[in-house]
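Contents: one structure, followed by commentary.
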Amino acid sequence: MEPETASGIRTWQWVVTVIVVIVLIVIGVMVFGNKGAQAPTVAPAETANNSQTGAPSASGIVMSDQYPGNVVYLSSVQMSAPGWVVIHKDNAGQPGDAIGETYFNAGINPGKVTLTEPMIDGGTYYAVLNSDDGNKKFDATTDLPMKDGNGNVIMHVFHASSSAGANLKG
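Just so we're aligned, residue 112 is where the sequence shown starts under this note's numbering, counting upward by one.
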C-alpha cells in the first residue's frame, strides 16, 4: 500500500497533478506568451521599413451611407501624406462638382466634411482623396486626386439615405 497524506490523496496523485499543472503552464506560455511578444516587435519594424524605403503606404476611406444633410461623417481616413477628402456630386456615374473638402494629416484619422450644399435623399456621392501642394489650401488645379498602385483614383462611392439612421457615422 502506498502512503496516504492527511487528506486521503496518495503521493502519486500529487506528483501527477503537479506535472499536469506544469505542462499546462508551459503550453500556455508557448501559445499565448509568444503572440504578445511578437506583435510589438513586428509592427514597428514594418513601419520603419516603409518609411526608410519610401514605399507608399495604403490610403483609403472607410465610411457608410450618410443621412441627407450638410455633413459627411468619415469613420476613418488613411493617408500616406497630408491631403484632402473632397466630396463630389454624381455626374453620370463619375465624380462631378465638388461640394465640400476637409484637410487631413498623414496617418489614420476619423473626421467629417461640411458641405456647401446639402446631400439629397437617394443621391450618389463620391469621397475622393486629393493631395495637398503644401499650402493647406484646397485648389482643384494643384491638389490633384490621389491614385492607387494601379493608377485608379482613391475614392469611396456612397449614397445619401434617410434610412441611414444610426449608422450615419460609419
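By construction, the Cβ of each residue, glycine as well, lies at the ideal position given by its N, Cα and C atoms.
Run through DSSP, which three-state label would M141 get?
As a working note, residue 141 is residue 30 in the sequence shown. DSSP places M141 in the helix class (H, G or I) of the three-state scheme.
Please state whether the Cβ-Cβ distance between M257 and P179 is less than 8 Å.
Sequence index remark: in the sequence shown, residue 257 carries index 146 (1-based). Sequence index remark: in the sequence shown, residue 179 carries index 68 (1-based). Not a contact, by the Cβ cut-off of 8 Å.
Taking F215 and V196 to be in contact with their CB atoms under 8 Å, please state how far apart those CB atoms are, rounded to whole angstroms.
Taking the first residue of the sequence shown as position 1, residue 215 is located at position 104. Taking the first residue of the sequence shown as position 1, residue 196 is located at position 85. The C-beta distance from F215 to V196 rounds to 6 Å, short enough to meet the 8 Å contact threshold.
Can you tell me whether I172 is buried or exposed? The criterion is at least 16 other CB atoms within 10 Å of its CB, across all chains shown.
Against the sequence shown, residue 172 aligns to sequence position 61. Counting C-beta atoms within 10 angstroms of its own C-beta, I172 has 16 or more neighbours from the protein chains shown and is therefore classed as buried.
Paired residues, beta bridge with A238 - DSSP:
As a position in the sequence shown, residue 238 is number 127, starting the count at 1. According to DSSP, A238 shares a beta bridge with I198 and H267.
Excluding sequence positions up to five away, which residues of its chain have a Cβ less than 8 Å from the Cβ of S272?
On the sequence shown, residue 272 is found 161 positions in, with the first residue counted as 1. Spatial neighbours of S272 in its own chain (CB-CB distance under 8 Å, excluding positions within 5 residues in sequence) are listed in chain order as D176, Q177, Y178, P179, D232 and G233.
G204, buried or exposed, once every other Cβ within 10 Å from all chains shown has been counted against 16
By 1-based counting over the sequence shown, the position of residue 204 is 93. Per the 10 Å Cβ criterion, exposed.
Sheet register partners of T225 (DSSP bridge):
Locating residue 225 in the sequence shown gives position 114, where the first residue counts as 1. Paired residue(s): V182.
Pick from T213, G139 and G222 that is closest to D250, judged by C-alpha positions
Locating residue 250 in the sequence shown gives position 139, counting from the first residue. Ranked by how close their Cα comes to the Cα of D250, the residues T213, G139 and G222 have T213 in first place.
Measure from the alpha carbon of V182 to the alpha carbon of each residue in T227, A275 and K247, then state which is nearest.
The residue labelled residue 182 in the question sits at position 71 within the sequence shown. Closest by alpha carbon: T227.
P151, buried or exposed, once every other Cβ within 10 Å from all chains shown has been counted against 16
Taking the first residue of the sequence shown as position 1, residue 151 is located at position 40. Caution applies to P151, whose pLDDT of 36 falls short of 50 and renders its modelled position unreliable; the value that the coordinates give is listed next. With fewer than 16 other Cβ atoms within 10 Å, it is exposed.
Between the C-alpha atoms of L255 and K248, what's the straight-line distance to the nearest angstrom?
Taking the first residue of the sequence shown as 1, we reach residue 255 at position 144. Taking the first residue of the sequence shown as 1, we reach residue 248 at position 137. Going from the Cα of L255 to the Cα of K248 covers about 12 Å.
Which of the three DSSP states, helix, strand or coil, is assigned to T128?
Sequence index remark: in the sequence shown, residue 128 carries index 17 (1-based). Under the three-state reduction of DSSP, T128 is assigned to helix.
Name the two residues that bound the continuous beta strand (DSSP E) containing D243.
For this step, residue 243 is matched to residue 132 along the sequence shown. It is not in any beta strand (DSSP E) - D243 carries neither H nor E in the DSSP assignment.
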